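So the protein sequences, as listed, match chains A and B. Here my numbering is used: position 277 in the first sequence is 277, and no number is missing along the way. Here my numbering is used: position 433 in the second sequence is 1433, and no number is missing along the way.
There are 2 protein chains.
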Amino acid sequence: MQTDHNRIFVESTKRLLRRGAYSHLSKIVNKTHAADLAAVFRSLSVEQQRKLLEMISDIEQKGALFSELDEDTFLELIEGLEFDEIVRILESMPTDDAADIIGWLPEEKSQAILEKMKTAESEEIEDLLRYEDDTAGGIMVPDFIALREDVTAREAIESLQKEHLDVEMPFYLYVVDEYGKLVGVSSLRQLVVVGPNTPLKEFMTTDVFSVQTDMDQEEVAKIVARYDILAVPVVDPSNRLMGIVTVDDVIDILRNEATEDILKMAGAGEEFVETKSILKSTRIRLPWLFASCIGGIVAFFIISKFESSIYKVAYLAAFIPVIMGMGGNIGTQSSTIVVRGLATGRLNVRDIWSVVFKELAIGSILGLVYGTLIGSVAQFRYSIEALAISVALAVICSMSIAALVGSLVPMGFARINVDPAVATGPFVTTAIDIISVFFYFTIATTLLDI
Amino acid sequence: MQTDHNRIFVESTKRLLRRGAYSHLSKIVNKTHAADLAAVFRSLSVEQQRKLLEMISDIEQKGALFSELDEDTFLELIEGLEFDEIVRILESMPTDDAADIIGWLPEEKSQAILEKMKTAESEEIEDLLRYEDDTAGGIMVPDFIALREDVTAREAIESLQKEHLDVEMPFYLYVVDEYGKLVGVSSLRQLVVVGPNTPLKEFMTTDVFSVQTDMDQEEVAKIVARYDILAVPVVDPSNRLMGIVTVDDVIDILRNEATEDILKMAGAGEEFVETKSILKSTRIRLPWLFASCIGGIVAFFIISKFESSIYKVAYLAAFIPVIMGMGGNIGTQSSTIVVRGLATGRLNVRDIWSVVFKELAIGSILGLVYGTLIGSVAQFRYSIEALAISVALAVICSMSIAALVGSLVPMGFARINVDPAVATGPFVTTAIDIISVFFYFTIATTLLDI
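Shown next, in the form of C-alpha cells:
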C-alpha cells in the first residue's frame, strides 16, 4: 500500500519534471512529508533532486529532508549547493541530525560549516561530535526539559509555554539537583493531573532508567524497547543529565541493527542496498567470499586425496552436492536461529549447552529422515547396498555436525563477546562443507572398500 | 551489559529459590520490572516460575509479566493456576495484551474466561478478537482520548484529570465529530501552550495520519516509523475512530517482522528460538529442507549423466564444492541485500532492472577475480590448461548467474506481491547449485573433449 503510494508519487513527479510543470509540482512538494520526499529522491537523478530541493520554500522542510537522506544521496546532492544555503539548512535541523550529517562531510568542509554556523548551534553540535557515533552520547539530543525539584506543576507548565518550544518530544520533564544531576522524572501527563501548586519532588518518579554517554547504541535501544518508554535520559559518569535518546531514533537503530545482522550473516558485510557504486559494493563483498573460496580449495584437496577411489567408482562424485547442500542448509537454519535469538535477547548465552544439545537432536532426527530418503535414491539408481548406506550415513553425519557447528560457533563467539552474526554465514557454511566432504569420502571408501 | 545484568539476576534468583530464602526473594521480585522478570522466567523450571509468580503481590505486576511472556512459557505456566486468578490477572491487563493472550488459549477455556470477566472488559476484548491478529484492528488499544472540536484547552485538561486515567499513552488527543469520525488531533503539549479558553478546533492539526482496521500490521509499523509519531489512530471504513496503535507495540512488530524475515531467508520458517519442543522445531524445518534435498537429487542426476567423463578424468569431481560454494555464497549476498532493501523500503520494486543489472555486474567482476584465482590453483595442481580454463569459466558463470538469480527472484516475487523472504534461502541456493553443476560439467567436458 505504502509502496504503491510511493510509486505513483515518483512517477507523477518525474512526469511533471519532464513537462516542466514547476508551479504545479512546487505545490505538491510543499505539501508532502519529508519522509515521503526522501523516498522519491532515491529514484531521481541528481539534477532532478536539486530542482525538487529548490522548490521547497520552508527551510525546516529542507532540513527534515536532509535528515531522511542516506549518506551517498546526500553527498551527491550537496555538491551543487551554495555553502551559505547548506549552513542555513543545517542550522534549522535538530542538533543530533545535523551532527550526523556533518560527520559525513570531509574534515575541511565540516570545520568551515561549524565556523559559519551560529555559535550556540555549532557548540551543541561539536559537543555531540565528541562522542563515538554509535554510543548514547552520539545519538542523544541535547534538547530536553530539566527543572529543579521545588518547581511547582504550574511553574513547570508556564516554562513549557515560554521556553522549551524547540524541544522535540516534551513528554518527560527531568528533575535535576543544583549540580545538574538527574534525580527524578515526571511525565507531562502527571503535570496536568496533580494540583497546580504541588512541587515536582512530591509527584516525580525517583526510579529513573538512565544510560551513560558511552553505552553502545544497541544497548540503549534495547532498554527503551524493553521498558516501553518514549525517551531515556543520558548521563555522564557523575550522573549529570547530558541529553535524551528518543523512541523515534530507537526505531531507526533497531532496524539498522537488524539489517546489519542480516547482511553480516549473508556475508555481505556493511553493504547496504543504497550503496550505489558497483565498485564499492564489489570491494565490500570481496573479502567475505574469500573464506568460502579457501574452504572450497580445502575441499578440493580433500577430494583429490580420494582421486583413485573416484577413478574406480565415479558415481561417488554425484552425491557431493546433495550431501554438502543438506549440511549447509541445516547449518544455516541453526546458526540463524541462534544469532537472532541472541540479538533479540530471547536466548541467553549461559544456556549454551541446552541450545546446542537441542540443535544436535534436531539435526540427528532430520539427518535420519533425509539420510534414509537420499540413501533410497542411491539404492534405486545403483543397487549397491554399501553405496546407499554410505550416502545415508554421510547425510546423517553431515546434518548432525552442521547443526552442532551452526549453533556452537555463534554461541561460543557471543560468550567471548565477539559479534555472533559475523561468525555465521560464510564461515560456518564453509566449515560445514569441508567436514561434510571429508566424512562422506571417508565413510564411502571404508564401506565400499576402495 | 543488559545481558550480564540478566545473568546475575537469574543466578541469584535460582540460588535464593534453592535456599528457600523466600522473603528476601519476594522483596527483590516486587521491586523488579516485569520485562526483567520475564527474561528470568525463560531460564527457570515451571515449578520455579509458579513460585516466583506467587510472590508477586501486585495484580497489575502479574498482568504486566503475563504480557511479556512468550506463548509456550505462558501456556505451561497457567496450567497450575486457579481459574479465578487467571481471570483477575487478565482483567488488570491492557485490553490489547489480554486479547493476545486469550487468543492463545483453546476455544473452550477462552470462552469460559470471557464469560467470567467483567462485562466492560470482556466486551472490549471480544471487539478486538473480531479483527485478524496481524492487522491494525488486532493490535490497536481501544483506550484513547477523543474529544469534540468545541471543547476548550482547559476543559480538555480537566477531562484528563477526571477521566481517561487508564489511557496508556495520553500524548495525543483526538478530535471527533458528532458521529465519532476523526477530524483532527492535538498533542498534550499544544494543550498547555495555548490559552485555556481556546477551543480544540482552533489549534488542532487536521492533517492526521490514520490507518484502516484491516491494514497489515507491518504497514502500520512502517507508517509510525516513517513519520516519527508516537501513536497512529485506527479508523473503520467510515472514518470512525476505533483505537490507536502505540509506538511501543510498533517496536515489537518491527523486531518480530525482522526476525521472521531472517528465519524465512534461512529456511527456518516460523520457528523461534523460544520453541521449546525438539519435535515441533523438527516439524517446522522439515519441509524447508525438502527443497534443498530435491535440488541435491537433481544435481546428482545431472552429474551421473557425466559419469563416463568422470571415469576418464576423476579430478573433475574435486572442483564441485568450490564452484557450488562460490555461486551459493554470492547468490545469498545478492538475495539478502534485495530482500532487506525491500523490507526497509530502501528499495523500490519498480527499480527491478537497475538492481538486477547492478548485481549481475558485481557477480561478473567477482567471478572474474575468483575464477582466475581458483583456475590458477587448478593449473598449479594439474598443469592442464583446458582444465584450468574450464574451472575458471565455471566459476565466472556460476557467480554471475547466482547474482542474477539471487536478485531477480526476490524482486520478481515482490512484484507479484509474494513475500520475497520466502523466495530466498533454500530455493535460490538450490537453483544456483543445480545451474552451477550443470554449467561446470558442460564447459569442462566440451573444453577437455571427453
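For every residue, glycine included, the Cβ atom is placed at its ideal position computed from N, Cα and C. Computed from a predicted structure; not experimentally measured.
Item: Return helix, strand or coil for Gly-180 of chain A, following the three-state DSSP convention.; Value: coil
Item: Any C-beta of chain A within less than 7 Å: which residues of the region 1303-1327 of chain B qualify?; Value: Ile-1303, Ser-1304, Glu-1307, Ile-1310, Tyr-1311, Ala-1314, Tyr-1315, Ala-1317, Ala-1318, Phe-1319, Ile-1320, Pro-1321, Val-1322, Met-1324, Gly-1325, Met-1326
Item: With a 10 Å radius around its C-beta and 16 neighbouring C-beta atoms as the bar for buried, classify Met-1001 of chain B as buried or exposed.; Value: In this predicted model, Met-1001 of chain B has a pLDDT of only 39, less than 50, meaning its place in the structure is not dependable enough to derive any value.
Item: Excluding the 5 residues preceding and the 5 following Met-140 of chain A in the sequence, name in chain order all residues of the same chain whose CB lies nearer than 7 Å to its CB.; Value: Asp-96, Val-234, Met-242, Gly-243, Ile-244, Val-245
Item: Nearest chain A C-beta to Pro-1199 of chain B closer than 7 Å, yes or no?; Value: no
Item: Can you give me the C-alpha to C-alpha distance between Ile-374 of chain A and Ala-392 of chain A, rounded to a whole angstrom?; Value: 6 Å
Item: What are the residues that DSSP puts in a beta bridge with Gly-1243 of chain B?; Value: B:Val-1234
Item: Check Ile-1056 of chain B in the structure and name its three-state DSSP category.; Value: coil
Item: Identify, in the order they occur along the chain, each residue of the same chain with its Cβ nearer than 7 Å to the Cβ of Glu-126 of chain A, setting aside the five sequence neighbours on each side.; Value: Leu-114
Item: Between Met-411 of chain A and Ile-330 of chain A, which are expected to be in contact by the criterion C-beta below 8 Å, what is the C-beta distance as a whole number of angstroms?; Value: Incorrect: roughly 16 Å between the Cβ atoms, too far for contact.
Item: Between Gln-1379 of chain B and chain A, is there a C-beta pair that is closer than 7 Å?; Value: no
Item: Using the beta-carbon of each residue, which ones in chain A are nearer than 9 Å to Gly-1180 of chain B?; Value: Within 9 Å Cβ-Cβ: nothing; Gly-1180 of chain B doesn't reach chain A, min ~24 Å.
Item: Can you give me the start and stop residues for the alpha helix (DSSP H) that Leu-147 of chain A sits inside?; Value: Careful: Leu-147 of chain A lies outside any alpha helix (DSSP H), inside the beta strand (DSSP E) at 146-148.
Item: Please report the distance separating the alpha-carbon of Leu-1289 of chain B from that of Met-326 of chain A.; Value: 7 Å
Item: Is any beta-carbon of chain A found at less than 7 Å from that of Gly-1267 of chain B?; Value: yes
Item: Check whether the Cβ of Ser-1210 of chain B lies closer than 7 Å to any Cβ atom in chain A.; Value: no
Item: Can Val-1339 of chain B and Thr-1430 of chain B be called in contact, C-beta distance under 7 Å?; Value: no
Item: Starting from Thr-1336 of chain B, find everything on chain C with Cβ-Cβ shorter than 8 Å and list it in chain order.; Value: The structure shown contains no chain C; its protein chains are A and B.
Item: So, does the CB of Lys-62 of chain A fall closer than 7 Å to a CB anywhere in chain B?; Value: no
Item: Please tell me whether Gln-1379 of chain B and Ala-1386 of chain B are closer than 7 Å, where the distance is taken between their beta carbons.; Value: no
Item: Can a CB atom of chain A be found closer than 7 Å to the CB of Val-1437 of chain B?; Value: yes
Item: Closest by CA to Asp-1133 of chain B, which one among B:Tyr-1174, B:Gly-1103, B:Thr-1073, B:Ala-1146?; Value: B:Gly-1103
Item: Compare the C-beta of Ser-277 of chain A with all C-beta atoms of chain B and state if any pair is closer than 7 Å.; Value: no
Item: Determine the burial state of Arg-1285 of chain B: buried for a count of at least 16 other Cβ atoms within 10 Å of its Cβ, exposed for fewer.; Value: buried
Item: Is it the case that the CB of Val-1437 of chain B approaches a heavy atom of the ligand COA more closely than 6 Å?; Value: Although the ligand COA was asked about, the structure shown includes no ligands whatsoever.
Item: Using a Cβ-Cβ cutoff of less than 8 Å, which residues in the same chain neighbour Leu-69 of chain A once the five nearest sequence positions on both sides are dropped?; Value: Ala-38, Phe-41, Leu-77
Item: When DSSP builds the beta bridges, which residues end up paired with Gln-1212 of chain B?; Value: B:Val-1235
Item: Taking any Cβ of chain A, which residues in the region 1148-1164 of chain B have a Cβ under 8 Å from it, in chain order?; Value: Ile-1157, Leu-1160, Gln-1161
Item: In chain B, which residues lie with their C-beta within 7 Å of the C-beta of Leu-366 of chain A?; Value: Thr-1282, Arg-1285, Leu-1286, Leu-1289
Item: Under the DSSP definition of a beta bridge, which residues are partnered with Leu-1173 of chain B?; Value: B:Ser-1186
Item: If you scan the region 1025-1102 of chain B from start to end, which runs of the alpha helix (DSSP H) of 4 or more residues do you find wholly inside it?; Value: 1034-1041, 1046-1055, 1059-1068, 1071-1078, 1083-1091
Item: Any contact of the region 1302-1316 of chain B with the region 307-327 of chain A, i.e. 3+ C-beta pairs under 8 Å?; Value: yes
Item: Among all the DSSP beta bridges, which residues are the ones paired with Thr-135 of chain A?; Value: A:Asp-216
Item: If you follow the alpha helix (DSSP H) that Gly-295 of chain A is part of, which residue opens it and which one closes it?; Value: 278-305
Item: Helix, strand or coil for Pro-1199 of chain B, going by three-state DSSP, please let me know.; Value: strand
Item: Taking the continuous alpha helix (DSSP H) assigned at Gly-327 of chain A, which residues delimit it?; Value: 320-344
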